[in-house]
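Sequential numbering of the sequence shown, starting at 1, is according to the working numbering.
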Amino acid sequence: MLLSIQDLRVAFRMGSVGGVVQRAEAVGRGAQAVSFDVPANSTVALVGESGSGKSVTAMSIVNLLPDNAERSGRVLWQGKDLLQASQAELRALRGREIACVFQDPMSSLNPVFTIGQQLIEPLVVHLGLRPRQALERAEQLLVEVGIPEPKRRLDAYPHELSGGQQQRVMIAMALACEPKLLIADEPTTALDVTIQRQIIELLAGLKAKHGLSVLFISHDLALVGEIADHVVVMRQGTVREQGPVAGIFNAPQDAYTRALLACRPSLTHNPARLMVIDDHIAGRDAHGAAAAKNPEAPVVLEVSSLAKSFWLKTGLFGKREFKAVRDVNFKLRRGHTLGVVGESGSGKTTMGLTLLRLHEPTAGQVLFEGKNLLTLDDAERQRMRQRIQIVFQNPYASLNPRFTIGQTLIEPMAIHGIGASTAEREQRARDLLVKVGLDDRAFAKYPHEFSGGQRQRVAIARCLTLNPEVLVLDEAVSALDVSVQAQVLNLLKDLQDELGLAYIFISHDLAVVRFISDEVLVMKDGEVVEQASADAILRAPQQEYTKRLIGAVPRGWTPAAA
1 MLLSIQDLRV AFRMGSVGGV VQRAEAVGRG AQAVSFDVPA NSTVALVGES
51 GSGKSVTAMS IVNLLPDNAE RSGRVLWQGK DLLQASQAEL RALRGREIAC
101 VFQDPMSSLN PVFTIGQQLI EPLVVHLGLR PRQALERAEQ LLVEVGIPEP
151 KRRLDAYPHE LSGGQQQRVM IAMALACEPK LLIADEPTTA LDVTIQRQII
201 ELLAGLKAKH GLSVLFISHD LALVGEIADH VVVMRQGTVR EQGPVAGIFN
251 APQDAYTRAL LACRPSLTHN PARLMVIDDH IAGRDAHGAA AAKNPEAPVV
301 LEVSSLAKSF WLKTGLFGKR EFKAVRDVNF KLRRGHTLGV VGESGSGKTT
351 MGLTLLRLHE PTAGQVLFEG KNLLTLDDAE RQRMRQRIQI VFQNPYASLN
401 PRFTIGQTLI EPMAIHGIGA STAEREQRAR DLLVKVGLDD RAFAKYPHEF
451 SGGQRQRVAI ARCLTLNPEV LVLDEAVSAL DVSVQAQVLN LLKDLQDELG
501 LAYIFISHDL AVVRFISDEV LVMKDGEVVE QASADAILRA PQQEYTKRLI
551 GAVPRGWTPA AA
């Protein structure tokens with residue numbers, strides 16, 4: 001056996017109260033410790049929601065945990081217990097025999113070093129290669145992971161690569177010393193479906209070529225079904241179920257596993273609401289089909305010939321035009337949702353920001369109540385911005401960490417003169433927290449005290465403080481695990497039904513877009529290549545690009561995938 005985890009428990013010291021050290025259990029609770037094996041030349045997936053303990057379990061293997069972590073049990077690496085290993089032994093092991101690929105490559109890659117420098121370092125440190133040998137090996141690694149123009153990319157910095165290319169570089173660094181085990185911690189979560197598909201196929205190909213084992217961490221069972229041999233399902237620090245991938249998908253034994261499988265939106269049918277984890281565990285029935293929207297609802301936003309260009313520097317004095325958005329046209333009706341899908345770099349986010357004049361447009365018009373938003377003066381634009389709001393992808397970055405949640409909600413109301421007094425604004429803020437599914441106690445807390453899903457609810461509540469009529473949701477659920485994603489999508493539908501909101505929903509996830517959208521724009525290279533109802537796009541796509549997007553969506557385990 002390559003790796004055997006036996007009765008693992010991990011707790012974090014949280015200070016002392018009255019002389020008694022307080023500990024928070026992260027892995028292993030009560031009588032239930034965590035145990036599973038990773039055989040040679042196999043892929044084992046750790047699956048669960050955020051906070052289930054899967055990343056803590058994986059990082060315990062090579063002790064990449066904070067100093068306040070306490071581990072017990074056994075982590076046997078080829079028979080040797082790594083919990084008893086010295087720091088020197090672990091340093092020699094990391095990268096050489098066990099390598100890691102993390103979720104966010106931009107925070108893992110050093111921004112001041114070139115790609116070549118970062119690839120060369122482990123080759124020199126662990127393998128003792130000379131710089132010239134290491135440089136040649138680094139170029140070979142970039143070829144192996146499918147980076148175009150590898151020789152030129154060696155001199156590039158991380159910010160000059162796309163997200164998918166950055167993740168390929170991370171995989172190249174992890175494979176540099178030909179490890180026996182690769183720990184992949186949510187390596188595709190923030191990537192669009194086609195890049196995600198490429199990364200999954202790359203990992204599968206490298207596993208077959210090098211005979212390495214993979215410990216793959218994810219919250220998405222559909223994705224896991226396409227890559228794993230064995231699945232370990234975790235919740236609240238304990239293993240709820242484990243077994244071969246076929247058994248987990250065909251006959252899951254635990255209610256939590258069945259819930260994880262069922263709460264992801266489907267490409268084939270569209271319920272009125274998504275069932276969440278608690279619905280499944282409580283045995284509540286699924287909801288019926290979504291009701292049809294009024295096709296004659298009034299148009300709230302009409303976009304014509306919208307374009308946005310950026311000017312890029314070339315050489316010492318030259319510059320060239322980069323057309324990020326070209327000739328986009330659509331109408332958005334009250335109470336309806338327009339889905340905008342495409343790969344990273346397709347122009348969908350730039351289009352959304354240009355609508356709000358967070359980017360100044362190059363051409364076109366955006367009519368809202370007969371006024372062109374793109375030609376308003378500053379005072380008119382400020383008043384209009386109150387009625388068209390945006391929810392960003394990353395709730396960790398979009399909320400001010402120095403403000404309490406109450407301050408975050410009250411500030412926009414004070415700026416726009418909503419509410420006759422501070423007390424009235426405070427009551428409205430508290431009412432909105434309840435509306436988005438948070439209780440009154442959230443008012444005095446800070447953003448760091450909430451999970452990602454809760455922060456996204458706060459971001460939605462902040463938008464609602466201004467009584468908007470249109471919300472632009474830019475990848476607003478893409479970083480959330482599937483159960484929290486279902487809760488936020490249900491919330492958005494409820495708010496739309498109650499308040500008549502119109503949404504522009506930007507996403508790379510076609511299953512999510514099908515659930516929430518009435519009409520869909522498919523964008524590629526800044527242009528709309530296909531536009532139709534959500535049902536028509538999924539049932540009978542006309543463009544090869546759209547078919548490729550749909551084909552890249554993970555569908556879970558099938559006999560053909562085995």
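C-beta: ideal position from N, C-alpha, C; glycine also.
Under the 10 Å beta carbon count, residue 402 is surrounded by fewer than 16 other beta carbons and is classified as exposed. The alpha carbon of residue 505 has as its nearest neighbour, out of 332, 412, 541, the alpha carbon of 332.
The beta carbon of residue 328 is closer than 7 Å to those of 303, 306, 351, 528 in its chain, skipping five residues each way along the sequence. Within a 10 Å sphere around the beta-carbon of residue 415 sit fewer than 16 other beta-carbons, which makes this residue exposed.
Between the C-alpha atoms of residue 99 and residue 468 there is a straight-line separation of about 48 Å. With a minimum length of 4 residues, there is no unbroken run of alpha helix (DSSP H) contained wholly in the stretch 5–40.
With 16 or more other CB atoms across the displayed protein chains lying within 10 angstroms of its CB, residue 216 is buried. Of the residues 387, 518, 58, the one whose Cα lies closest to the Cα of residue 297 is 518. In the three-state DSSP reduction, residue 69 falls in the strand class (E or B). Taking C-alpha positions only, residue 391 is separated from residue 344 by approximately 18 Å. Ranked by Cα distance from residue 436, the first of 449, 488, 393 is 488.
Where residue 310 is concerned, the enclosing beta strand (DSSP E) starts and stops at 299–314. The beta carbon of residue 463 sits closer than 8 Å to those of 389, 390, 391, 471, all from its chain and outside the five residues before and after it, given in chain order.
Beta-bridge pairing by DSSP links residue 339 to 505, 520.
With contacts defined by Cβ atoms closer than 9 Å, residue 187 and residue 161 do not form a contacting pair. Shown here, residue 107 sits in a helix according to DSSP, grouped into three states. A Cβ-Cβ contact shorter than 9 Å links residue 95 with residue 125.
Within the DSSP secondary-structure output, residue 230 pairs in a beta bridge with 44, 244.
Cβ-Cβ distances below 7 Å link residue 398 to 392, 459 in the same chain, with the five nearest sequence neighbours on each side left out; the list follows chain order. Here residue 3 carries a strand assignment [DSSP, helix/strand/coil].
Spatial neighbours of residue 266 in its own chain (CB-CB distance under 7 Å, excluding positions within 5 residues in sequence) are listed in chain order as 511.
In the structure shown, residue 331 falls within a strand segment according to DSSP collapsed to helix, strand and coil. Excluding the 5 residues flanking it on each side, residue 354 has same chain C-beta neighbours closer than 7 Å at 306, 308, 325, 361, in chain order. Within the same chain, 371 come within 8 Å of residue 380 by CB-CB distance, once the 5 residues on both sides are set aside. Residue 432 sits close to residue 461, with the two beta carbons spaced by under 9 Å.
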